[in-house]
Each structure stands twice: as C-alpha cells, then as structure tokens.
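Accompanying notes for the structure given below.
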Amino acid sequence: MVEEEFTITVEAASDAKVLIISVAARLAGMHPQTLRQYDRLGLVQPGRATGGGRRYSARDVALLREVQRLSQEDGVNLAGIKRIIGLEQLVAELQERVSELEAALGEAYQRLAEYEAGTYPRRGDLVPMTRTSNALVVWRPRRSS
Numbered sequence: 001m002v003e004e005e006f007t008i009t010v011e012a013a014s015d016a017k018v019l020i021i022s023v024a025a026r027l028a029g030m031h032p033q034t035l036r037q038y039d040r041l042g043l044v045q046p047g048r049a050t051g052g053g054r055r056y057s058a059r060d061v062a063l064l065r066e067v068q069r070l071s072q073e074d075g076v077n078l079a080g081i082k083r084i085i086g087l088e089q090l091v092a093e094l095q096e097r098v099s100e101l102e103a104a105l106g107e108a109y110q111r112l113a114e115y116e117a118g119t120y121p122r123r124g125d126l127v128p129m130t131r132t133s134n135a136l137v138v139w140r141p142r143r144s145s
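The structure is reproduced here in structure tokens:
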C-alpha cells in the first residue's frame, strides 16, 4: 500500500471534525498519546464524538504538524508554541476585521462621493439643507389616520 503525502496548510484546511485520533496521529506523524497531551495542554482543540472520543479536522492535523515543526526544528518549548499559536490566531482575526473595516470605509467613501456629486439615491431620510439660520428644526412623524 502506498501512502499519499498529506500536505495542507492551516489556512486552507477544513474545519470538519471527522478524523479519529489514530488517523489524525498517523497523518500528523505523531503518536496518539502525543495528541492527547497536546489536547490537555490546549495546543489543539479536537471535537468530541457522542461517546467522548476525540475527532480532529484537517486544520487540526495541519496545526499538529506546525507544532511538531516548531518543537523539533526550531527548538521552541510547548509553552512558547502555545503562545505563538494564540498570537497567530489573533493576527488572523485582526486581519479579517481590518479587511471588513476597509470594505466598509470604501463603501462610505463611495456614498460620500455620490452624495457630493449629487448622484446619491435620495431615500427620504437625507435632506440637503442650506445653513441660513440657527433655527432648530423638530421633526414629528405624521399621525396615521
């Protein structure tokens, strides 16, 4: 039997928790007991089956490989690895939030440009006014008959 190379990045991996611990361990190149230890330390959070067995995703396996690489090749201890993983997750969340805010800002700039050009679709809630006095305008809704 020829084993295929399991190459996947953490970002591109699936989040479906379908792999039992023995399969995930084999794909990550680790002993199942190592996966249990990493679970206890909080380095990876597998899902749980109805009977309580651990279930891993392809993303978990990619993360386990990264833990192994950091530990064996870079000499980082497990506490350091946990901190690195946490910071990488925070960076990813912040990058996503920045992208969302950039998109919202772009839409706001577009609406502003349309409004200044006079092409903004008037919805009735925006009424252009010229400042001619300091009078206070009070809006009262019409009473329905």
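Here the sequence shown is numbered in the UniProt record's numbering, starting from 1 and rising by one per residue. Don't be surprised by glycine CBs; every beta carbon is placed ideally from N, CA and C. Bear in mind the structure is a predicted one, so any value in this text is a computation, not a measurement.
Backbone secondary structure at G118 - three-state DSSP: coil
Which of helix, strand or coil DSSP assigns to G47: strand
Identity of the residue in L136, R36, Q95 nearest G52 by Cα: R36
Short Cβ contact (7 angstroms threshold) for P46 with Y56: yes
R59, enclosing alpha helix (DSSP H) - first and last residue: 58-72 is the span of the alpha helix (DSSP H), which, as asked, contains R59.
Classification of L101 by the beta-carbon crowding that lies within 10 angstroms, buried from 16 upward: exposed
Rounded C-alpha distance that separates L70 from K82: 10 angstroms
Enclosing alpha helix (DSSP H) for P141 [first to last residue]: It is not in any alpha helix (DSSP H) - P141 carries neither H nor E in the DSSP assignment.
Cβ pair D60, V76 closer than 7 angstroms: no
Between the CA atoms of D74 and R40 - distance to the nearest angstrom: CA-CA distance, R40 to D74, rounds to 22 angstroms.
Reduced DSSP category for G101 - H, G, I as helix; E, B as strand; rest coil: In the sequence on display, residue 101 carries Leu and not Gly. Helix, per DSSP.
Three-state secondary structure (DSSP) of E4: Low per-residue confidence applies at E4: pLDDT is 48, beneath 50, and the placement is therefore not dependable enough to give any value.
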